[in-house]
Every structure is written in C-alpha cells, then in structure tokens.
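**Q** In the UniProt record's numbering, the protein residues as written are 1 to 411.
Note that CB positions come from ideal geometry on N, CA and C, so glycine has one too.
Keep in mind the model is a prediction, meaning the values are calculated, not measured.
One structure coming up, written as structure tokens, with questions to follow.
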C-alpha cells in the first residue's frame, strides 16, 4: 500500500514538472493580468487553495493544485517598502527564494482589496478605486492585517470613498448601509461618518440596534461596548420623550373640576397620534423608531374641554408636545471617535465624575474633537471608551477568582 502511495506522489511530481505535457482535455484556469505599473519588475500571483480540481503554474513553473485568481505587475522596491512582511520576503540578502524571483506566489483570495492596496502603494489609484462595494471594505481591512499594510495610509482614500458613494453628508446611504459602515468608519478613523452613522442608527432603527455578522470576516466586528452605547443613547432619548410628555401629575394634583376631562383628552390626543404609549410602539416585532415617534407626535391635536381653565384649556400642543419634539430632535449627535479612542487626552479618573453637575459648569465636551457635540455624545462615547489603562480591574478579577476557587475547594 505504501509503495502505491509513493508511486502516486512521484508520478504526480514528474507529471507536474516544468515542461511536462498537461492533462489532455483540461484547460488551465484563466486569470487577469493587472498592470499596476508598466515599469514593474515583479509579478505577484494571487491564488487560493481549491478542492475542485483547479490547477495553475506557480512561480517556480510547476503545475500545482490551486486556483490562480489574478496576477499583478508591480515594482519590487515599492512593494518591499510597503510592509515588514514584504520587506523580509524580498530582501536581496535574505534567505527567501522570492528575493531573486521575478514571479512570486501570494495566497490571498480577495483580489479587489489586493489591487486597491497595490494601486495605492504605487500612487496610481483610478476612478474605480472609489467605487468598490461596501462588502469589500472589510476585505481591505483584512488585507491590511494579513499583508502588514498600515491601514491608516488609506484614511484619505476612505474619506473620498464615503463622499463618492454617500454624498457630502452621507445621505445616499441607507440605514442598512450605515450599519455595515460602522466598523470600517471606526477602523479608518472617520470621525464625522462614524458620528452620523451612530446617530442615524439610534434615531432611525426600529427596535434594538445590532450589527449584522459579516459572512466572510466574522472576526472583523465592533466591540460590544459600541453597540451597547448606541442602544443606551436610544434608551436615553426614549426616556427624555417620556419625561416631556408625562404631565399626568399636573392634572392629578390640580383642583379644577375639569381635570379628569382634561387628562382624558390629553391621553386620547396622544393615543390618536399612533405613537403612544412608548412601551408599546418602541418594542416588539412591530416596533417603530424614535424618529417615527417624533414624526408622529406632529399629529398631536388637543381639544380643551373648556375655554377658561388655566390648565385644561392651555395650549399643550405648543408648551408640551412641540417642546418635546424640539428638545429630543438632534439631542444625540452620535458617538465621537476622539472621545472613545483617545482617553489619554483627558484625566480618566476626573472624567469618571465629570457628568455630575455639568449644567452648572462651563464645560466643553467637544474639546479637541473633530466635530462639535454636546454632553450626551460625550457621555455615551465615554461609556464606549477603551479601558486599556485600567490596571486594577484585572487584578481585582484575578483575586476574586482565586477566592471563589478556595471556597469551592472547602465545599
């Protein structure tokens, strides 16, 4: 049995040797040659492993298993300067065979991402470079991680991509688009787009805000604290709307005889809007968004039970409902990447208490940030902050774990 196995190995090796005739009736896989630079002195063959009989000629000229996806004509020195990986691989004094080869193999299946990186590195981006679909953005981030390309080098490209596809204010993006763009906006450090996306999701998402898992890159997702903060902002807005509209106590404490009629008419007027009570319309399978609630409150029409009572005949449409709409619209400006990612700009311990009594102090919550915002944005961004500097928390957790283990042993 072993002899047969070895015979098969050596037989395939001989058949696949450079210059050996190819299998009859089998056409080699066709793949495009993408010329990044006409003066390129290196060809990069991007391939993927395949279990479906695909074969291609590798950099050494052997006919091997795998699917050749594309070949790129690039400049060796430019590629070597692009990352530590290629710097080592193409080092003329190094030990890797790629250093002196004119063709090298690169196992990577996301060709569009690889092409974008090569074009950027060679300074030859084209119009199509700004038209790649949203689903390819994570591939670009993945390519950065796998090939060692510094992602921040593409921040300017991403800014132009956002405008090209979404407009100056990103209004052409749907809510689903903005949800898919959250992680790329964070990784490409686009503060304005990240704020717009998180604000829109908080106001316009029916029910709980969540992140759809990417099919090809399940590991490239937001930290749970980001989604938690968006939903916390949404819950805060819901509470503010309720606080403004819940004036029932005023009727219950009134001394006028018409207070029951006034309260009944007020509640009936809210019910006629179709967006009340909040607990019913903002939760469940038929949930609507906070923006739908604010838009629906415009339909509020209160009919006073009489014309002389100071409370029951007051203009509740203006004094109560319109005020609620005004104060809750644009109350949350979205999450701020500067407040999330750069805690060292501020005193972490002082920030922990900053939200207490802020109204009586002259505090700028957007100091050093790339877009203006108020306290709600700072607060929910602070909740989503990175806590790398908290050294006592792991220590406390470790001690508690050891104490729990000792108690378990005693039992």
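So which of 89, 78, 104, 109 has the shortest CA-CA distance to residue 49?
**A** That would be 109, whose Cα lies nearest to the Cα of residue 49.
**Q** Helix, strand or coil for residue 131 per DSSP?
**A** Here residue 131 sits in coil by DSSP.
**Q** What would DSSP say about residue 199, mapped onto helix, strand or coil?
**A** It is helical.
**Q** Could you please give the first and the last residue of the uninterrupted alpha helix (DSSP H) stretch that includes residue 341?
**A** That run of the alpha helix (DSSP H) goes 337-341.
**Q** Please determine whether the Cβ atom of residue 329 lies at a distance below 6 Å from any heavy atom of the ligand FAD.
**A** This structure simply doesn't include the ligand FAD, nor any ligand for that matter.
**Q** Roughly how far, in whole angstroms, is the beta-carbon of residue 36 from the beta-carbon of residue 124, given that I think they are within contact range, below 8 Å?
**A** Right, their Cβ atoms sit about 6 Å apart.
**Q** Would DSSP call residue 151 helix, strand or coil?
**A** Correct three-state label for residue 151: helix.
**Q** Is it right to say residue 40 is buried, meaning 16 or more other beta carbons lie within 10 angstroms of its own, or is it exposed?
**A** Buried, since its Cβ has 16 or more Cβ neighbours within 10 Å.
**Q** Quick check on the burial criterion: 16 or more other C-beta atoms within 10 angstroms. Buried or exposed for residue 303?
**A** Classification of residue 303: exposed, given that the 10 Å Cβ count is below 16.
**Q** Leaving out the 5 sequence neighbours to the left and right, which residues in its chain are closer than 7 Å to residue 105 when beta-carbon positions are compared?
**A** Excluding positions up to five away in sequence, the list reads 45, 47, 58, 59.
**Q** So, helix, strand or coil for residue 301, using DSSP?
**A** Coil, per DSSP.
**Q** With DSSP collapsed to three states, give me the class of residue 48.
**A** Note: residue 48 maps to strand in three-state DSSP.
**Q** Kindly confirm or deny that the stretch 209-229 and the stretch 364-372 touch, where touching means at least three C-beta pairs closer than 8 Å.
**A** They do not touch, by the three-pair rule.
**Q** Please report how far the alpha carbon of residue 339 lies from the alpha carbon of residue 188, in whole angstroms.
**A** About 16 Å.
**Q** Under the DSSP definition of a beta bridge, which residues are partnered with residue 466?
**A** No answer is possible for residue 466: it lies beyond the span of the chain, which begins at 1 and ends at 411.
**Q** Within a Cβ cutoff of 7 Å, which residues of the same chain sit near residue 68, ignoring the five residues on either side of it in sequence?
**A** Closer than 7 Å at the Cβ level, and outside the excluded window around residue 68, lie 29, 31, 45, 47, 56.
**Q** Roughly how many angstroms separate the alpha carbons of residue 336 and residue 78, rounded to a whole number?
**A** Answer to the nearest angstrom: the Cα atoms are 35 Å apart.
**Q** By the 10 Å Cβ neighbour count, where 16 or more other Cβ atoms means buried, how is residue 186 classified, buried or exposed?
**A** Per the 10 Å Cβ criterion, buried.
**Q** Are three or more beta carbon pairs between the stretch 289-309 and the stretch 318-332 nearer than 8 Å?
**A** With the cut-off at 8 Å, the stretch 289-309 and the stretch 318-332 touch.
**Q** In chain order, which beta strand (DSSP E) runs of at least 3 residues are fully inside the stretch 239-298?
**A** None, since the stretch 239-298 contains no complete beta strand (DSSP E) of that length.
**Q** Mark residue 168 as exposed unless 16 or more other C-beta atoms lie within 10 angstroms of its C-beta, in which case mark it buried.
**A** Under this definition residue 168 is an exposed residue.
**Q** Beta-carbon within less than 7 Å of residue 159's beta-carbon, same chain only, minus the 5 sequence neighbours each way: which residues are those?
**A** These residues qualify, in order along the chain: 190.
**Q** Pick helix, strand or coil for residue 415, following the three-state DSSP scheme.
**A** Any answer about residue 415 is impossible in this case: the structure gives the chain only from 1 up to 411.
**Q** Rounded to whole angstroms, what is the Cα-Cα separation between residue 130 and residue 277?
**A** The alpha-carbon atoms of residue 130 and residue 277 are separated by roughly 45 Å.
**Q** Give a yes or no on contact between the stretch 281-296 and the stretch 231-239, applying the rule of three or more CB pairs nearer than 8 Å.
**A** Because the criterion of three Cβ pairs below 8 Å is met, the stretch 281-296 and the stretch 231-239 touch.
**Q** Since residue 181 contacts residue 197 with CB under 8 Å, what's their CB separation in whole angstroms?
**A** The pair is a contact, with the Cβ atoms about 6 Å apart (cut-off 8 Å).
**Q** With three or more beta-carbon pairs closer than 8 Å as the criterion, would you say the stretch 169-180 touches the stretch 259-273?
**A** Verdict: no, contact absent.
**Q** Can you grab the Cα-Cα spacing for the pair residue 380 / residue 332, in whole Å?
**A** Approximately 9 Å, taken between the alpha carbons.
**Q** Could you check which residue in 384, 249, 267, 243 has the C-alpha nearest to that of residue 327?
**A** Of the candidates 384, 249, 267, 243, the one whose C-alpha sits nearest the C-alpha of residue 327 is 243.
**Q** So, residue 118 versus residue 156, is the Cβ gap smaller than 7 Å?
**A** No; because the gap between Cβ atoms is not below 7 Å, this pair is not in contact.
**Q** Classify residue 97: buried if its beta carbon has 16 or more other beta carbons within 10 angstroms, exposed otherwise.
**A** Exposed: under 16 other Cβ atoms inside 10 Å.
**Q** Is the Cβ-Cβ distance between residue 114 and residue 71 less than 7 Å?
**A** It is not a contact, given that the beta carbons lie outside the stated cut-off.
**Q** Can the beta-carbon of residue 84 be found closer than 7 Å to that of residue 148?
**A** Yes, the pair counts as a contact, with Cβ atoms nearer than the cut-off.
**Q** Grab the span of the alpha helix (DSSP H) containing residue 325 for me, first residue to last.
**A** Counting along the chain, the alpha helix (DSSP H) containing residue 325 begins and ends at 323-328.
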